[in-house]
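Numbering (the working numbering), first residue to last: 3 to 110.
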């Protein structure tokens, strides 16, 4: 059976409920989630995409994500193909760009 296409919530929460009875069994399912334009992600892994990906994103967006993992771990970001952010130059002064900041933990 083909998996369903993207399912989007109408708000900030989604409830997923899996039920299995005794009549059949199967391999199950694997799903991933992402927030559409910015937010706070506090999980060991996830997916971040530009809004409307893989179609064109809208103009004048300003999306920020804060990614936090458990203390003692690092964050690895892998950009997948196609990477189609339209920029006019490499200085991030003209056109579109993706910017990453690495914040050091505060001393306690």
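From the three backbone atoms N, C-alpha and C, an ideal C-beta is built for every residue, glycine too. Fair warning: this is a prediction, and the values are worked out from it, not measured in the lab.
In the DSSP assignment, residue 69 falls within the unbroken beta strand (DSSP E) covering 67-69.
When the alpha-carbon of residue 86 is set against those of 70, 57 and 46, the nearest one is in 57.
Assigned with DSSP and collapsed to three states, residue 74 falls in coil, not helix or strand. Annotated as proximal: residue 77 and residue 69, with beta-carbon spacing under 7 Å.
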